[in-house]
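S.K.:
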Amino acid sequence: MKQYETVIVSPPNLAEADLEALVTGVQTELAERFGGTNIVVTRWGKKTLAYPIKKFNEGYYVLYEYESDSEDCVAKVEARLRINENVMRYMTIRRDEERKSEARMKERFAKRKKHASDEGDSEAYGDDFEMEE
Amino acid sequence: MAFGRRDSKDGKKKSFYKKDYLFKRKKYCKFCDTGVAFIDYKDVKLMGGYLRERAKIVPRRISGTCSIHQRQLTTAIKRARHLALLPFTQD
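Right under this line is the structure:
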């Protein structure tokens, strides 16, 4: 089971109904046609873009978090998003590997903290990064 | 004849620049210090502090970020740029 995150950016001037159709449409397609499970949809709403896309200065952001077993789930979703005129930008990333590394880092921090408190050494953090310019 | 460079009494060479004589503060990784386990591309506020005014990524040599976090930061910034959360350039 792999975990994915997809963000889509749609134009700010979409009608309420069109936007709703887009957001729920992607969700149902994910669930029913492409084998996505545990779908969580988060709407970030209208945000100012850091640079104009298609002459728009704003965009409507939606985040989909989901899991999938099938190999070509992401490819299929992206193929659908590519031909959708109401999607200006999309990006899919895989999250499971990153969650693993996040856990590893947390473990390391915990160990270091423990070490610091054992030694009573307040400067335990700084020792690893001796760098001068 | 060396100009501008003077050896100190104990024979060690001293730097040409005056500021190098002064006390230097040791750089440290701020992410390690605060315990950030993963830098997410959605966290625009956090990443924004590591962009220069032209929106270039601040190098490790300046910010003191450790290699693990610098790598995370770079991917996060690049992802955010694709989604127009952060700029590629700024004029």
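Note that the protein sequences, when read in sequence, are chains A and B. All residue numbers for the first sequence refer to our numbering, where the first residue is 1120 and numbers rise by one. All residue numbers for the second sequence refer to our numbering, where the first residue is 11 and numbers rise by one. The beta-carbon is built from N, C-alpha and C at its ideal position, and this holds for glycine as well.
Report the three-state DSSP secondary structure of residue 1224 of chain A (helix, strand or coil).
M.R.: The answer is helix: DSSP assigns residue 1224 of chain A an H, G or I state.
S.K.: So does the segment 76-92 of chain B actually touch the segment 1181-1199 of chain A, counting three or more Cβ pairs closer than 8 Å?
M.R.: Taking 8 Å as the limit for Cβ pairs, the verdict is that the segment 1181-1199 of chain A does not touch the segment 76-92 of chain B.
S.K.: Taking 7 Å as the CB-CB cut-off, is residue 1188 of chain A touching chain B?
M.R.: By this cut-off, residue 1188 of chain A is not an interface position.
S.K.: In three-state DSSP terms, what is residue 1161 of chain A?
M.R.: Strand, per DSSP.
S.K.: Within the same chain, show all residues whose beta-carbon is closer than 8 Å to that of residue 1132 of chain A, passing over the 5 residues directly before and after it, in chain order.
M.R.: Only 1175 meet the Cβ criterion.
S.K.: Could you spell out where the beta strand (DSSP E) holding residue 1210 of chain A opens and where it closes?
M.R.: From DSSP, the beta strand (DSSP E) with residue 1210 of chain A extends over 1208-1213.
S.K.: Going by DSSP in three states, residue 1243 of chain A sits in which element: helix, strand or coil?
M.R.: Annotation note: pLDDT 49 at residue 1243 of chain A (below 50); position unreliable, coordinate value reported separately. Correct three-state label for residue 1243 of chain A: coil.
S.K.: Name the residue from B:39, B:35 and B:34 whose alpha carbon lies nearest to the alpha carbon of residue 70 of chain B.
M.R.: The option with the nearest alpha carbon to residue 70 of chain B is B:39.
S.K.: Rounding to the nearest angstrom, what Cα-Cα distance links residue 33 of chain B and residue 76 of chain B in this structure?
M.R.: One C-alpha to the other measures close to 22 Å.
S.K.: For a cutoff of 7 Å on Cβ pairs, would you count residue 1243 of chain A as touching chain B?
M.R.: A caution first: residue 1243 of chain A carries a pLDDT of 49, below 50, which makes its placement in the model unreliable, though a value can still be read off. For residue 1243 of chain A, the answer is no, since every Cβ of chain B falls outside 7 Å of its Cβ.
S.K.: Which of the three DSSP states is assigned to residue 11 of chain B in this structure?
M.R.: Residue placement at residue 11 of chain B is poorly supported in this model, since its pLDDT is 46, which falls under 50; the coordinates still yield a value, given next. Of the three classes helix, strand and coil, the one that applies to residue 11 of chain B here is coil, per DSSP.
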